[in-house]
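Report on one structure; see the data block that follows.
Residue numbers (this note's numbering): 2 to 625.
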């Protein structure tokens, strides 16, 4: 069932809303003159009507039981914020991406960005001028953090009124008004496609934000059977759940159909509770894949999940939900722990070179193994799934923003460590994700920030943020999440990418991405064509990747002292890349340009060296 207000042309608009508990529903037209038009009851608790003399830009609300009026749960525009009326949207747009056939999932290189802090303007339109730089870097997919309408304190200047990561959205169909309107988002997507860049949209199907959430006034969108970190869970398997499921499936198709979005990143799917015979994610995947069959390109669903469960991405015929890919936190945690020495929280489960080696070959470090932090066995093997179904990173909005001060790796590890981290991710067989500014060593933090108008909610958020870090016994508390200054400090210093060591780091990322896109051994994502070993004594991880015609071997040195080793190969090798080279602002390489079999190799501290073995690899297919 299609929901919301749909402009049919010639001043006619069709309104559809789900409210099974209401005895009457009317649509209140607020302009040019106020009037209330009754809706007719339909099946399963839906109410519908076609209304004349309603044009794009018209403001409206729904009146329930002839009493209270609320914005449309499926509103496509909230120009006055989460407490204001909804607005009728005209979706006509002059698209020029007819020949766009998309980017295949296995070749995507993601660049996660937050619209409000990516540019000084904080708008969709402002992003467009930066697309050539991302294209030059080698990025072919931007991942936009959630843009569903979220609350703001409208008592301050307009450009600072709305400050939010996006996960507090309460109108999943409405484009965040401070970022621009629906047409501006379409203009951005159209421009991305012109630059050969796919667009991934982060969507939240596990909760609604706390302010402006009037969903319960309409229908049983929530269930008391389960609890999430944000309160009652959404109702995906209780009474009337079929219409809740329809709501979110329609939302997914809305972004794909009206905005030409290429993929959706589903936030924290472990908080989507459904014990029914057909999980909501399975039904969602079916709908999206069916939609793709009528298009000239495939659309994708990518899950964020900490379950270490490949059922999410297995096809239904193998008992799975059929999603296309999922995040793998274990790779990040293993790499982060080695680089930073952090052992707080879930990082206590990591810190061994053997674990990062396992993450390269098996994806999940915890595949039904005891996890000390969780105090239970966790995960299950995913070796039956292709490596190209997993997304990895060393920085993202969560891993930076959930630090007390939002510190990036730039402030936590050495410059040599930054290059090592980049190589570890981009030379992996998985789908790499970069967080905005990572590629040049952004110095601004990415701190948790919000903007609410409810004083009690503001105090609750502040108290919760302080409590989150009490166990760490820091001398100072976290930055005030409600402060506009906290938000402003998180804006990128984009000009840094052309300066000094920042420019060198940008060039390093570009070189790694180019290698990833062009070298046959790195293009091969077959799980049987990679080996990795960890050496705890020397703090090394050695990775071999190959295809029939070539083989690469690279060494990740996490030791803060020089290390001498012999590569596990009987062939001569040619050096391809060395992070210690002075050309990369390194201390100077001690690794030879050409390496004979059994020759000693000396590595600088905290460095990465990549060699290509000379001659065609024999019997490669037999090793795994």
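Just so you know, even glycine gets a beta-carbon here, dropped at the ideal spot from N, CA and C.
What residue range is occupied by the uninterrupted beta strand (DSSP E) comprising residue 102? By one-based count along the chain shown, residue 102 stands at place 101. Segment: none, residue 102 is in no beta strand (DSSP E) and carries neither H nor E.
DSSP-derived helix/strand/coil call for residue 3: Taking the chain shown and counting its residues from 1, one reaches residue 3 at position 2. Residue 3: coil per DSSP, three-state reduction.
Option in 411, 324 and 56 with minimal Cα separation from residue 391: Position 390 of the chain shown, counted from the start, is the residue given in the question as residue 391. Cα-wise, what sits closest to residue 391 is 324.
Taking the beta carbon of residue 11 as the centre, do at least 16 other beta carbons fall within 10 Å, making it buried, or is it exposed? As a position in the chain shown, residue 11 is number 10, starting the count at 1. Classification of residue 11: exposed, given that the 10 Å Cβ count is below 16.
Check the DSSP bridge columns for residue 535 and list the partner residues they point to. Locating residue 535 in the chain shown gives position 534, where the first residue counts as 1. 542, per the DSSP bridge assignment.
By the 10 Å Cβ neighbour count, where 16 or more other Cβ atoms means buried, how is residue 16 classified, buried or exposed? Taking the chain shown and counting its residues from 1, one reaches residue 16 at position 15. By the neighbour-count rule (16 or more Cβ atoms within 10 Å), residue 16 is buried.
Neighbour-count burial assignment, residue 420, 16 or more Cβ in a 10 Å radius: Taking the chain shown and counting its residues from 1, one reaches residue 420 at position 419. Burial call: buried.
Is residue 67 buried or exposed, if buried means 16 or more other CB atoms sit within 10 Å of its CB? Sequence index remark: in the chain shown, residue 67 carries index 66 (1-based). Result: exposed.
C-alpha distance - residue 481 paired with residue 567, whole-angstrom precision: Taking the first residue of the chain shown as 1, we reach residue 481 at position 480. Taking the first residue of the chain shown as 1, we reach residue 567 at position 566. Distance between the alpha carbons of residue 481 and residue 567: 51 Å.
If you reduce the DSSP assignment to three classes, tell me which class residue 38 lands in. Here the question's residue 38 lines up with position 37 in the chain shown. Residue state, collapsed to three classes: strand.
Going residue by residue through the segment 362 to 438, where are the continuous beta strand (DSSP E) segments of at least 3 residues, counting only ones entirely within it? 370 to 372, 377 to 379, 391 to 394 and 432 to 436
Got a sec, what are the start and stop residues for the alpha helix (DSSP H) residue 62 sits in? Here residue 62 is taken as the residue at index 61 of the chain shown, counted from 1. Run containing residue 62: none in the alpha helix (DSSP H); it sits in the beta strand (DSSP E), 60 to 65.
Short check: CB of residue 628 to CB of residue 556, under 8 Å? Any answer about residue 628 is impossible in this case: the structure gives the chain only from 2 up to 625.
Residue 57 to residue 8, Cα distance in whole Å? Here residue 57 refers to the residue found at position 56 of the chain shown. Here residue 8 refers to the residue found at position 7 of the chain shown. Using only the alpha carbons, I get a separation of about 7 Å.
Leaving out five residues on either side along the sequence, give the residues of the same chain with a beta carbon under 8 Å from the beta carbon of residue 334. Residue mapping note: residue 334 aligns to position 333 of the chain shown, counting from 1. Apart from sequence neighbours up to five positions away, the residues of its chain that approach residue 334 with a beta-carbon distance below 8 Å are 347, 348, 350, 351 and 366, ordered along the chain.
Give the C-beta separation of residue 27 and residue 64 to the nearest angstrom, bearing in mind that I take them to be a contact with Cβ-Cβ under 8 Å. The count along the chain shown starts at 1 and reaches residue 27 at position 26. The count along the chain shown starts at 1 and reaches residue 64 at position 63. About 4 Å; that satisfies the 8 Å criterion.
Residue range of the beta strand (DSSP E) that includes residue 575: Mapped onto the chain shown, residue 575 falls at position 574. Note, residue 575: beta strand (DSSP E), 574 to 579.
Are there 16 or more other CB atoms within 10 angstroms of the CB of residue 605, so buried, or fewer, so exposed? Taking the first residue of the chain shown as 1, we reach residue 605 at position 604. Buried is the call here.
contact_flag[the segment 446 to 453, the segment 491 to 504] where n(CB pairs < 8 Å) is 3 or more: yes
Following the continuous alpha helix (DSSP H) through residue 244, name the residue where it begins and the one where it ends. Locating residue 244 in the chain shown gives position 243, counting from the first residue. Where residue 244 is concerned, the enclosing alpha helix (DSSP H) stretches over 242 to 260.
Start and end residues, beta strand (DSSP E) containing residue 111: Translated into positions along the chain shown, residue 111 becomes position 110. From DSSP, the beta strand (DSSP E) with residue 111 extends over 111 to 114.
If contacts are defined as beta-carbon pairs under 8 Å, then residue 29 and residue 61 qualify, I think. What distance do you get, rounded to the angstrom? Against the chain shown, residue 29 aligns to sequence position 28. Against the chain shown, residue 61 aligns to sequence position 60. Taking the Cβ atoms as the reference, residue 29 lies roughly 6 Å from residue 61, within the contact range of under 8 Å.
Exposure of residue 120, with buried meaning 16 or more beta-carbon neighbours within 10 Å: As a position in the chain shown, residue 120 is number 119, starting the count at 1. The residue is buried, with at least 16 neighbouring Cβ atoms inside 10 Å.
Cut-off 8 Å between Cβ atoms - residues of its own chain near residue 250, not counting five sequence neighbours on either side: Residue mapping note: residue 250 aligns to position 249 of the chain shown, counting from 1. Taken in chain order, the residues that qualify are 284, 285 and 288.
First through last residue of the alpha helix (DSSP H) which encompasses residue 502: Counting from one through the chain shown, the residue named residue 502 turns up at place 501. Counted as a single uninterrupted DSSP element, the alpha helix (DSSP H) harbouring residue 502 occupies residues 501 to 519.
Cβ neighbours of residue 583 in the same chain (closer than 7 Å, five flanking residues each side left out): Here the question's residue 583 lines up with position 582 in the chain shown. Within the same chain, 589 come within 7 Å of residue 583 by CB-CB distance, once the 5 residues on both sides are set aside.
Which runs of the beta strand (DSSP E), 3 residues or longer, sit entirely within the segment 69 to 144? 69 to 71 and 111 to 114
Same chain, Cβ closer than 7 Å to residue 110, five either side skipped, listed in chain order: As a first step, residue 110 is located in the chain shown; it is residue number 109 there, counting from the start. If we look at residue 110 and ignore the five residues flanking it on each side, its Cβ neighbours are 139, 140, 141, 142, 433 and 514.
Measure the Cβ-Cβ separation of residue 425 and residue 395 and say whether it is below 8 Å. Numbered from 1 along the chain shown, position 424 holds the residue referred to as residue 425. Numbered from 1 along the chain shown, position 394 holds the residue referred to as residue 395. Cβ distance < 8 Å, so residue 425 and residue 395 count as in contact.
Quick one, are the C-beta atoms of residue 578 and residue 611 less than 8 Å apart? Locating residue 578 in the chain shown gives position 577, counting from the first residue. Locating residue 611 in the chain shown gives position 610, counting from the first residue. Yes, they are a contact pair.
Residue range of the beta strand (DSSP E) that residue 225 falls in? Within the chain shown, numbered from 1, the residue matching residue 225 stands at position 224. Where residue 225 is concerned, the enclosing beta strand (DSSP E) stretches over 223 to 229.
Tell me the DSSP secondary structure of residue 441 in three-state form. The residue you call residue 441 lines up with position 440 of the chain shown. In this structure, residue 441 counts as helix in the three-state DSSP scheme.
Status (buried if at least 16 other CB within 10 Å, exposed otherwise) for residue 464: Residue 464 sits at position 463 when you count from the first residue of the chain shown. Exposed, because fewer than 16 other Cβ atoms sit within 10 Å of the Cβ of residue 464.
Which term fits residue 371, buried or exposed, when burial requires 16 or more other beta carbons within 10 angstroms of its beta carbon? For the purposes of this step, residue 371 is taken as the residue at position 370 of the chain shown. With fewer than 16 Cβ atoms within 10 Å of its Cβ, residue 371 is classed as exposed.
Where the alpha helix (DSSP H) containing residue 486 begins and where it ends: As a position in the chain shown, residue 486 is number 485, starting the count at 1. Unbroken alpha helix (DSSP H) run through residue 486: 485 to 490.
Can you have a look at residue 623 and say buried or exposed, based on whether 16 or more other CB atoms are within 10 angstroms of its CB? Locating residue 623 in the chain shown gives position 622, where the first residue counts as 1. Residue placement at residue 623 is flagged as unreliable, the pLDDT there being 40, under the threshold of 50; a coordinate-derived value is accordingly withheld.
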